[in-house]
Every structure is written in C-alpha cells, then in structure tokens.
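Undergrad: The structure follows.
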Amino acid sequence: EPLKMWRRGLLLWGPFAVVGALQRSLGGQRVLRGAPSDWVVENLDAEAVQVHASLAGEGDELPPDGLRCGPVTIFPAGCKGQISDTTGKPVFLGLTKGSAGWGTGCHPSTRLCLELMHEQGLALPGSKVLDMGCGSGVLSVAAMALGAQSCVCVDVEAEALLATRENMEINFADVDDRVELLHARQVEPYGLEPHDVAFANILVGQLIRPSMVAVLATNLRPGGVLCLSGIRPGDQCETIKAAYAGWIDWDETLYAEAAASAETGGKDYWGVWSRLVGRRTAKTKLSEEVLSSLSEAAVS
-3 EPLKMWRRGL LLWGPFAVVG ALQRSLGGQR VLRGAPSDWV VENLDAEAVQ VHASLAGEGD
57 ELPPDGLRCG PVTIFPAGCK GQISDTTGKP VFLGLTKGSA GWGTGCHPST RLCLELMHEQ
117 GLALPGSKVL DMGCGSGVLS VAAMALGAQS CVCVDVEAEA LLATRENMEI NFADVDDRVE
177 LLHARQVEPY GLEPHDVAFA NILVGQLIRP SMVAVLATNL RPGGVLCLSG IRPGDQCETI
237 KAAYAGWIDW DETLYAEAAA SAETGGKDYW GVWSRLVGRR TAKTKLSEEV LSSLSEAAVS
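Listed below in structure tokens is the structure:
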C-alpha cells in the first residue's frame, strides 16, 4: 500500500541521528520526551545548544527589553519573571547560537508569520496548528500563547526539535498534552489529524517539492489556513501558487512583504521577503497513483 511504502522510507532514513532520544554533546545524556527510544542524536555541534543572553541563530540579536512582533513580544528566556508590562503577549525563547536558534522574530519572514496571527479571520483560540520547519519553535510558542489548543512541530534538524521542546517548557506547563514533535520523515500525506492552521516558513525550493505540497495540503482541513513564508516577492510567489494550484485558494488581501531592519534586530542585507496566505479547498484529493509515486521518492 502507498502509505506503507511511505513508512518504509521512514524506516530506511528516519532513525539515524534525526529526532534524538539522547543528546550526547551536553556532557551527559539528555532525553527528548516523546521520541522513539532507538532514535539517537549524535555529533551535535556544541554551539548549537550553547545558551546566550541575546544572540541566536545566524547573527540574530534579540533586544533584552523584547521585540514586538504582531500580537506578541519576544524576550530572551532570562527575562521571564522580570517583565511587568508589555504591549504584546509575552513569549520567552532560550537563545542558542547554532541552527537550533533560528527563529527569533528578527528575520522578516518570521515576523510576517507572527503578524498574521492577529489578522482578522485567523482564529487561533482552540485551533490545531501545524508548524512545518519549526526551528526554535517561535511560531508554535506564539500560537499557543494566543490560545491554540495544540501544535505539531516538524523539522529535519534534531537541534531544532530539542530547542522547540525546551522553549515550549519555558512558556507552558502542559507541553506533554498539547505538543507533538516529529521529524519531517514521520509526517505522511493524510497522516495527521486535520489541522486548522499550518505555517511553513521555509525556502521556496522546499516549499514546492511535491512531497511538501502533499503533506501540507492533506493535513489541513478544508477551509483551514495555510501561511507560507521564506519566499522572495515576484517569481517565487508565482512558482508557489502554481505548485499549490487546486489545493489552496490564495487570499490576496493577506499577502504582505517586509524588509529587514536594524530596529527589529535584522540585517539590511537580508533584503525583502513575502508571505502568502490561503485556505484549503475541499475539492482536491491525492490519487493512489500519486501517493505511490511520493512513497517511491521517499525511499529513492
């Protein structure tokens, strides 16, 4: 069966240094709850889990007094318990300087996703959110802070899943009941309970892969909201729209662009990025033939 073939891809590719039951680079062993016991993280860069007061990811610098992004204000984790007044819902991030630290709100693509969270029509309270390419978990943490019922957080980097788990625990007490961490190879077309909202802040080359289109579209309920960023304005947006044709009705009123600036902790050379938002149609379904071809691609 196609889905079993897809799972065969997981068995061949998934267990090797991806999700991590153990983290060996911290001077000891560390359990990532919810991960299969035979999945091991090996050879993590020590910098990837090195906590820093204000620096994270690829040169991001989060101001100690917080960074306002749409409906939330993001603070370094060390500020928790010290904030008495804020203009947005406070979100706290443990900052790490390696790849796990990507996603602080400093980058325009992250800000565009966060700013969508207070747009009319995006009802986060009580919703089920899929965060594809979760990085530090900033989008999932923000969504839950704004009332989302649950989040499924997906990434290909073990460090990112570790960082997301830790950032969830910094902000919420009921993480085990509300958050699921998955490696990208664990997520199948139609494999999750249909979600109300899906975010994917990933570069265009990944967003247009047929397997990515299938996973995002089929795990979103009809009428559910899809937010894509990590896209440059112009041709990349048109390429995305073509890849998701038949699956998503795009809402041009929610299209937005943003440029990096020093005021938001960004670097001018990052340039301008864009956001596409649409709703899943009820019309399209994957055929057995397409499912089979995606499954074969997963093991080839």
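First residue of the sequence shown: -3, per our numbering; consecutive thereafter.
We put the beta carbon where it would ideally sit given N, CA and C, even for glycine.
Could you give the C-beta distance for Thr92 and Ile70, rounded to a whole number, given that I count them as a contact under 8 Å?
TA: Actually they do not touch by this definition, with Cβ atoms about 15 Å apart.
Undergrad: Counting C-beta neighbours from all protein chains within 10 Å, is the total for Trp2 16 or more, i.e. buried, or is it exposed?
TA: Residue placement at Trp2 is poorly supported in this model, since its pLDDT is 34, which falls under 50; the coordinates are not used for a value here.
Undergrad: Pairing CB atoms from the segment 72 to 79 with CB atoms from the segment 121 to 136, are three or more of them under 8 Å?
TA: The answer is no - the segment 121 to 136 does not touch the segment 72 to 79, with fewer than three Cβ pairs under 8 Å.
Undergrad: From the DSSP output, read off the bridge partner residues of Glu57.
TA: DSSP output for Glu57 lists Leu51 as bridge partner(s).
Undergrad: Taking the C-alpha atoms as reference points, what is the distance between Leu28 and Ala154?
TA: A caution first: Leu28 carries a pLDDT of 47, below 50, which makes its placement in the model unreliable, though a value can still be read off. Near 10 Å, if we compare the C-alpha coordinates of Ala154 and Leu28.
Undergrad: Would you call the CB atoms of Glu162 and Gly90 closer than 7 Å?
TA: Yes, these two residues count as a Cβ contact at 7 Å.
Undergrad: Who are the near neighbours of Cys65 in its chain, counting only those whose CB is closer than 7 Å to its CB and skipping five residues on each side?
TA: Hits under 7 Å: Gly101, Arg107, Leu110 and Glu111.
Undergrad: Going straight from the alpha carbon of Leu216 to that of Phe88, what length do you get?
TA: The alpha-carbon atoms of Leu216 and Phe88 are separated by roughly 28 Å.
Undergrad: On the DSSP letters alone, give me the boundaries of the alpha helix (DSSP H) that Arg174 sits inside.
TA: Its alpha helix (DSSP H) spans residues Val171 to Arg174.
Undergrad: Extract the residue ranges of the beta strand (DSSP E) inside the segment 204 to 267, only unbroken runs of 3 or more that lie entirely within it.
TA: The segment 204 to 267 contains these whole beta strand (DSSP E) runs: 216 to 227, 244 to 246 and 252 to 255.
Undergrad: Suppose you measure from the CA of Val183 to the CA of Asp151; what does that come to, to the nearest Å?
TA: Each residue's Cα considered, the two are about 10 Å apart.
Undergrad: In three-state terms, what does DSSP make of Cys109?
TA: It is helical.
Undergrad: Who are the Cβ neighbours of Leu178 in its own chain at under 6 Å, not counting the five residues just before and after it?
TA: Around Leu178: Val150.
Undergrad: Can you tell me whether Ser207 is buried or exposed, with buried defined as 16 or more other CB within 10 angstroms of its CB?
TA: Ser207 is buried by the Cβ-count criterion.
Undergrad: On the three-state DSSP scale, how would you describe Ser132?
TA: Reduced to three states, the DSSP call for Ser132 is coil.
Undergrad: For Val308 versus Ala239, is the C-beta distance shorter than 7 Å?
TA: Here the chain comprises residues numbered -3 to 296, so residue 308 is not present and cannot be evaluated.
Undergrad: Does the distance from the C-beta atom of Ser146 to that of Arg181 stay below 7 Å?
TA: In this structure, Arg181 does not lie closer than 7 Å to Ser146 by Cβ.
Undergrad: If we count the other Cβ atoms within 10 Å of its Cβ and call it buried at 16 or more, is Ser105 buried or exposed?
TA: Its Cβ being crowded by 16 or more others within 10 Å, Ser105 is buried.
Undergrad: Please name the residue in Glu259, Leu142 and Gly226 whose C-alpha comes closest to that of Val268.
TA: Nearest of Glu259, Leu142 and Gly226 to Val268, Cα basis: Gly226.
Undergrad: What residue ranges within the segment 146 to 192 form continuous alpha helix (DSSP H) runs of no fewer than 4 residues, ordered along the chain?
TA: With a minimum length of 4 residues, the continuous alpha helix (DSSP H) runs that stay inside the segment 146 to 192 are 154 to 167 and 171 to 174.
Undergrad: Can you tell me the Cβ-Cβ gap for Ala141 and Val68, rounded? I've got them flagged as a contact below 8 Å.
TA: Between Val68 and Ala141 the Cβ distance is about 6 Å, and since that is below 8 Å, they are a contact.
Undergrad: Using a 10 Å radius around the Cβ and a threshold of 16 neighbouring Cβ atoms, would you call Gln116 buried or exposed?
TA: Under this definition Gln116 is an exposed residue.
Undergrad: Does the beta-carbon distance from Leu58 to Gly261 come in below 7 Å?
TA: Closer than 7 Å, so yes.
Undergrad: Which same chain residues, not among the five before or five after Gly62, have their C-beta less than 6 Å away from its C-beta?
TA: Around Gly62: Thr69 and Phe71.
Undergrad: Take the Cβ of Ala213 as the centre, count every other Cβ of all protein chains shown within 10 Å, and call the residue buried at 16 or more, exposed below.
TA: Answer is buried; the Cβ neighbour count reaches 16.
Undergrad: What residues are listed by DSSP as bridge partners for Gly274?
TA: In the DSSP output, where bridge partners are listed per residue, Gly274 has Leu222 and Trp246.
Undergrad: Quick one, which of Trp243, Arg205 and Thr235 has its alpha-carbon nearest Val221's?
TA: Comparing Cα-Cα distances from Val221 to each of Trp243, Arg205 and Thr235, the minimum goes to Trp243.
Undergrad: Using the three-state DSSP reduction, which class does Cys75 fall into: helix, strand or coil?
TA: Correct three-state label for Cys75: helix.
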